[in-house]
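Written out below as C-alpha cells is the structure these notes cover.
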Amino acid sequence: MSRAIGQFVEVAPCRWRLGKAADRAMTADAEVFATREILQQALDDGAIEQVVNVACLPGLAGSSLAMPDIHHGYGFCIGGVAAFPADGGIVLPGGVGYDINCGVRLLASSIPESEFAAVADAVGHALLARIPSGLTARGLRPLNKKEFQRLAAGGVGEVARRFGSDPGDMEFIESGGCLPFDAPGALGPRACERGAAQLGSLGSGNHFIEVQAVEEIFDPAAARVFGLEPGHVAVMIHTGSRGFGHQVASDYIETFRRRNLARLKLRDPQLVHAAIASSEGRNYLQALNAASNFAWANRQLIQEEVIAVLEEALAMGRRQLGLRLVYDQAHNIAKFEHHEVDGRALELLVHRKGATRAFGPGHPDLPSRYRGTGQPVILPGSMGSSSYVLRGTAAGTAAGTFFSSAHGAGRRLSRHQAIKLSAGEDVRERLRGQGVLVFSLSSQGLKEEIPEAYKDIDDVAAATVAAGISEKVARLRPLLVVKG
Amino acid sequence: MRNYETFSTTADTGIRFRGRGHAELYANALRGLNLLLFGRNPRLAKQKGTAIPFRFRGDGPENVLVNLLAAAVALAGQEGQQVTATDIRRADGCRLDALLLTAPCPRLPRIDVKAVTYHDLRVRERNGVLRAAVVLDI
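Chains A and B, in that order, are what the protein sequence lines are.
Under our numbering, the first sequence has 461 at position 461, and the numbering climbs by one with no breaks.
Under our numbering, the second sequence has 1051 at position 51, and the numbering climbs by one with no breaks.
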C-alpha cells in the first residue's frame, strides 16, 4: 500500500504519527521520529510500510515506533522499536534481527590526537592483522563445547574470569554484559558450532573499529563524566554475535513457523511470532540471552586486543593511556523492562532492531556514575563522517519511545547504488585526503560503505535532539577505520 | 526478467528467480545465489566434487526455498563448497529431494550472506511460471 506524508500528523517537532484509523489492520498508532526529509526517504524505500506492519501485530504496548535513522530492513524496519506486555504478550525474532546484540562500545582515553597521529599507520596495520575480520570463520579465541556453554551463560564475566579482562568493565555494559541463560537445550548444535569458532572476530559489512578524536563538546558536564576531553582519542567498536546469533535467529524463525504460522495473519512472514509464555517463546528468549552474552564477550575480547595494540604502539600501559570503557550498548535485542503506558506501570518485552536503549537520569539500571547524566548513547556516523555521543533524557517524549534512540546514520543508498556511485574511485585515497586512514581486506566492502551511502549523521543527531529523545554531549571525528 | 538475477534493498540484497515448475524454480534459486556470491555460475563441464543429499519437507515452497538457500550459504561460508549443480529427484510445493553437487569455491564469496530471510517471500504463479524473490541478510 502506498502512503503519503500528508497522512502523518507532526504531533511535536520531529514526531510524526499515523493514527491506527489509517489502516483497518492496525491495532496501534505508528510513530516516526524524524525530519520531514527522513520521513519522506522512509516512505520511498518502504520502511514506513514495515512500521505499519508492526502496528498490525497483536497486543502492542503504546505505538509501533521508528527512530531517526529509519530505513528498510526485513520484516521490521531498521530503527524500529516495539514493546509487548511480559504478561500475555508476544516475542518475534524479526523484531531483533539476525545479528543478535549487534552493538557498539566506546572507549575514552587520555591519548592526545597528535601523539596518536605518529603511530596511526602502524596501529591500523596491527589491528587489521591481529583482529580477524571479513569472511573469516575463526576468531581470536576458539572455544571447545564446554567453554562455549560457560561463555554463553557468563558473558563478559566469563571473559574476565577466563581471559583476564577487567571485571570493572561490566558495570559499563548494558545489563552488566550478561543476561540470564540456564537452558543449554535451547541452543541448536549448529549455532553452538558456529559460535565456538568465531569468538573474537569483527565480521564484515558495516562492522568496524574506529579510532576517533573528540572534536566538539556540547555538554561539558556530561562529557566530563563520560571521560571525553577535546583533542583526546576515543575508540569505537561495532560488531555482534557473529554466526551464533544468525543461526539462533534462523533456527527459531523456523520453529515459530512450524508451530504458529498457520494460525497467524501476517502481512510479512518475517514477522512470525510466538507467545512469550509458550515453550518456543521461552526457549527463544533463552537463546537470545545466550547470543547476547556472546556478543558482549566478543566486543570485550576485541577491546582487549585493541588496547594491546595501542599499548605496544605507544609503549605505555592501559592506565597511563587513560583507556576506559565509557559504555557498551546493544542495538539488536529484546529485553524485559519496566515502563509506564497510559498511566499504568507495566513489564514489557521491548524489541529494538537497529535502535538503542537511552535511559534518562536517575534510572536504576544505570551505573552510579551515569545516574546524574543519563545513559551514554553512542551514535556512529558513516565511514569518514563524524560520530556523536548523546545522553538519554527523562523527558516525556523519551518515555513514549520506551527510552530509545537512533543507532547510527542509517543507510540511504543500497549497496549496488553505492558501488555504482564510487565506480573508478579509490575510496581509501579519498578518505586519506580527508584525514581518515582506512584499513580493510575488501575493496568492494569499502565502496559499499562510502559516506554517501548513509544519511547525514548531523541530520540524524539533530532530529534526535529536536524530537527530545536524547541530548548531544560530544562529536567525534574519525582518524582511523578498520572495516570488516 | 531473466531466469535468475540479483537485486538490492536499502540495507540488504536479494535474488529473483523463476521456473516452469518447482524443480526449475529451486534450481534457479541456487543459480541466483551463485551469481550473487561468485559473480557467475560454474561451467558444468569442469565440475568435480561431492554430492550432498538435501531432503526437506516444509509448509510450502517458501519454506523449501529458505532452507535450500540456507544450506547452500552454509556450504559456501563454512565448508568452502559451492553448489555447482542439482540432481533433483522429487520436487513439489512442500518438498525437495535432491543431490547438491558441490565443488570447492573458486574464490571467497564476494559478500558475506549471514541469513536467508522470509521477508515478503511469496512464490507466485503466472502463465505457468513460478516466481519468487528472496531477501538475504548481509
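Each residue gets a CB set at the ideal place from its N, CA and C atoms; glycine is no exception.
Under the three-pair Cβ rule at 8 Å, the segment 232-239 of chain A counts as touching the segment 100-120 of chain A. Secondary structure at N1127 (chain B): coil, using DSSP grouped into helix, strand and coil.
When the beta-carbon positions are compared, H407 (chain A) and T356 (chain A) come within less than 8 Å of each other.
Around the beta carbon of E448 (chain A), 16 or more other beta carbons lie within 10 angstroms, which makes this residue buried. Only exposed fits V11 (chain A), as fewer than 16 other CB atoms lie within 10 angstroms of its CB. At a cut-off of 8 Å between C-beta atoms, P1109 (chain B) counts as an interface residue with respect to chain A.
Your pair A222 (chain A) and R391 (chain A) checks out as a contact, with CB atoms roughly 5 Å apart and the cut at 8 Å. Bounds of the beta strand (DSSP E) holding R1095 (chain B) are 1095-1104. V214 (chain A) places its beta carbon less than 8 Å from that of P230 (chain A).
Of all residues in the segment 317-344 of chain A, none has a C-beta nearer than 8 Å to a C-beta of chain B. Annotated three-state conformation of E471 (chain A) is strand, per DSSP. For Q1082 (chain B), the beta-bridge partners assigned by DSSP are B:A1103.
Note on the segment 146-212 of chain A: whole alpha helix (DSSP H) runs with a minimum of 4 residues are 156-163, 189-198, in chain order. Each residue's CA atom was taken as its position, placing P1106 (chain B) and L1037 (chain B) some 11 Å apart. In the same chain as T1009 (chain B), and ignoring 5 residues on each side of it, the C-beta atoms closer than 8 Å to its own belong to V1135, in chain order. In the structure shown, Q320 (chain A) adopts coil according to DSSP, grouped into three states. Residues of the segment 393-426 of chain A whose Cβ lies closer than 8 Å to any Cβ of chain B, in chain order: R411, R412, L413, S414, R415, H416, Q417. Shown here for D1137 (chain B): same chain residues with a beta carbon closer than 8 Å to its own, the five before and five after excluded, namely D1012, V1113, K1114, A1115, V1116, T1117 in chain order. Residues of chain B with a Cβ closer than 9 Å to the Cβ of H238 (chain A) do not exist, since the nearest Cβ in that chain sits about 15 Å away. Taking a Cβ-Cβ cut-off of 7 Å, the neighbours of Y74 (chain A) in chain B comprise D1012, T1117, H1119, V1135, D1137, given in sequence order.
Of all residues in the segment 1053-1065 of chain B, those with a C-beta nearer than 8 Å to a C-beta of chain A are D1059, E1062, N1063, reading in chain order.
From the beta-carbon of G80 (chain A), no residue of chain B is found nearer than 7 Å; the closest lies around 12 Å away. In its chain, beyond the 5 residues on either side, F116, V211, V309, L310, A313, L480 have a beta carbon closer than 8 Å to the beta carbon of V123 (chain A).
Linking G1093 (chain B) to A277 (chain A) through their CA atoms gives a straight-line distance of about 32 Å. Taking the C-beta atoms as reference points, C77 (chain A) is found nearer than 8 Å to Q50 (chain A). In the DSSP annotation of this structure, the continuous segment of the alpha helix (DSSP H) that includes E312 (chain A) starts and ends at 279-314. For K335 (chain A), the uninterrupted beta strand (DSSP E) run begins and ends at 332-341, by DSSP.
With fewer than 16 other CB atoms across the displayed protein chains lying within 10 angstroms of its CB, M1001 (chain B) is exposed. Against chain A, the CB of A1070 (chain B) has a partner CB under 8 Å away; the residue lies at that interface.
T1102 (chain B) does not reach chain A, its nearest Cβ partner there being about 17 Å away, counting only Cβ pairs nearer than 8 Å. Residues of the segment 266-289 of chain A whose Cβ lies closer than 7 Å to any Cβ of chain B, in chain order: D268, P269, Q270. The three-state secondary structure of L271 (chain A), taken from DSSP, is helix. DSSP places Q329 (chain A) in the strand class (E or B) of the three-state scheme.
Look at H232 (chain A) here: in three-state DSSP terms it is strand. The DSSP-derived three-state label of G1014 (chain B) is strand. In this structure, DSSP gives I5 (chain A) a helical state, which the three-state scheme calls helix.
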